[in-house]
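Reviewing the structure listed below.
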Amino acid sequence: MEMESRIQTEKRSSEDLIGDSKRGLGCCGWILVILSSFFSILFFPVTVFIGIKIVKEYERAVIFRLGRITARKAKGPGIFFVIPCTDSFVKVDMRTVSFDIPPQEILTKDSVTICVDGVVYFRVSDPIASVANVSSADYSTRLLAQTTLRNVLGTKNLAEVLSDREGISHSMQMTLDEATDSWGIKVERVEIKDVKLPQQLQRAMAAEAEAAREARAKVIAAEGEMNASRALKEASLVIAESPSALQLRYLQTLNTIATEKNSTIIFPLPIDVMGHFMKK
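Encoded structure:
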């Protein structure tokens, strides 16, 4: 709420300044304007080529009369007229502009140094504010984007930076949009392009991930052995209840060995048979 009220106050103050500039030409200023208009009419065939200006569809013109902004709304697109000698104008491009944020060395909340870069898309929403309130809206937005990237990522952990890029981009977009609103700039989108980690940290993270995978593999293998032992226990109980089932199992084993075309066949003898001979 405080930010919105401050922005509204700045907008009202800029509009008041524009209104004061229209009323504050003074006696000498009006005399110069009248004389310039008189000579423009007097030398009409010549001044028509000097006074008529054209701006393109994506451009707007902010007109200054004796150094003061003449209207609350920028001129264009199309044809407009300026009074020679007293009027000047500045063209403002209204198209969306994109620029790359240079790679920034950032220390995260958990004391890890990373290198992050990004891209910002913005456009001019108020041509008069972009000319009157800041010396270079484009350059100022670029510098502010670098500072905002450092400030936002400085409050995040490494895990949050790697996993929550969309949230970080949205937070940066909101912060930049609020800060540049008084400059007549609308920040449309911010994206984090790349996060570069130190080589030692990459090796440590790779070793940690490999160890975690090996631990999971050992747990899965142990669970498989446990399930297999339970199944063998149940099978042994079934075979113990029916001795003929063991003989059938022997025959299935011989059939499996025979299909593999082995030259040697090992025939297991039942324990009961061996026990009979051992008694004798």
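Sequential numbering of the sequence shown, starting at 284, is according to the numbering used here. In this text, a Cβ means the ideal position worked out from N, Cα and C, and glycines have one as well.
Where residue i falls, given that 16 or more other Cβ within 10 Å makes a residue buried
i	result
ARG355	exposed
ASN416	buried
GLY467	buried
LYS358	buried
LYS305	Because the pLDDT of LYS305 is 46, which lies under 50, any placement of that residue in the model is unreliable, and the number read from its coordinates should be weighed accordingly. Label assigned to LYS305: exposed.
LEU459	buried
ASP477	exposed
ILE389	buried
Same chain, Cβ closer than 6 Å to residue i, neighbours up to 5 away in sequence not counted
i	result
CYS368	SER319
VAL414	VAL345, VAL373
PHE347	SER371
GLU285	Because the pLDDT at GLU285 is just 40, under 50, the model does not fix this residue reliably, and the point stays unresolved.
Cut-off 8 Å between Cβ atoms - residues of its own chain near residue i, not counting five sequence neighbours on either side
i	result
ILE362	ILE335, LYS336, ILE337
TYR341	PRO360, ASP376, MET377, ARG378
GLN429	ILE384, PRO385, GLN387
LEU426	none
Euclidean distance between Cα positions of residue i and residue j
i	j	result
THR536	GLN530	10 Å
GLU517	SER525	13 Å
GLN482	SER454	29 Å
ARG406	VAL470	7 Å
ASP421	ALA498	53 Å
SER418	ALA412	10 Å
ARG448	GLU474	8 Å
ALA492	ASN538	46 Å
LYS479	VAL435	17 Å
GLU443	ARG343	42 Å
Contacts around residue i, its chain only, beta-carbon distance under 7 Å, and the 5 residues preceding and following it disregarded
i	result
ASP393	ASN440, LEU441
PHE364	GLY334, ILE335
LEU432	ILE384, GLN387, VAL399, GLY401, MET455
ALA504	none
ASP472	Note that residue 472 is Arg in the sequence shown here, rather than Asp. Within the same chain, ARG472 has close Cβ partners TYR404, GLN456.
Any non-hydrogen atom of the ligand COA within 7 Å of residue i CB
i	result
GLY507	Absence of the ligand COA from the depicted structure is noted, as is the absence of any ligand whatsoever, leaving it without description.
>> To test your reading of the DSSP string, which unbroken beta strand (DSSP E) runs of 3 or more residues are found completely within the segment 360-409?
In response: Every beta strand (DSSP E) of 3 residues or more that sits fully in the segment 360-409 is shown, in chain order, as 361-364, 370-376, 380-390, 396-407.
> Taking three-plus beta-carbon pairs below 8 Å as touching, is the segment 342-353 in contact with the segment 395-406?
Replying inline: No, because fewer than three Cβ pairs between the segment 342-353 and the segment 395-406 fall closer than 8 Å, the two stretches do not touch.
>> Give the list of continuous beta strand (DSSP E) stretches no shorter than 3 residues that lie fully inside the segment 450-533.
In response: If we require 3 residues or more, the beta strand (DSSP E) runs fully inside the segment 450-533 come out as 468-479.
>> Quick check on the DSSP output: what are the complete alpha helix (DSSP H) runs of length 4 or more inside the segment 426-452, in order along the chain?
In response: Counting only runs of 4 or more, we get 441-446.
> Considering only residues of the segment 303-362, which uninterrupted alpha helix (DSSP H) runs meet the minimum length of 4 residues and lie entirely inside it, listed in chain order?
Replying inline: Fully enclosed alpha helix (DSSP H) runs of 4 or longer: 309-325, 327-334.
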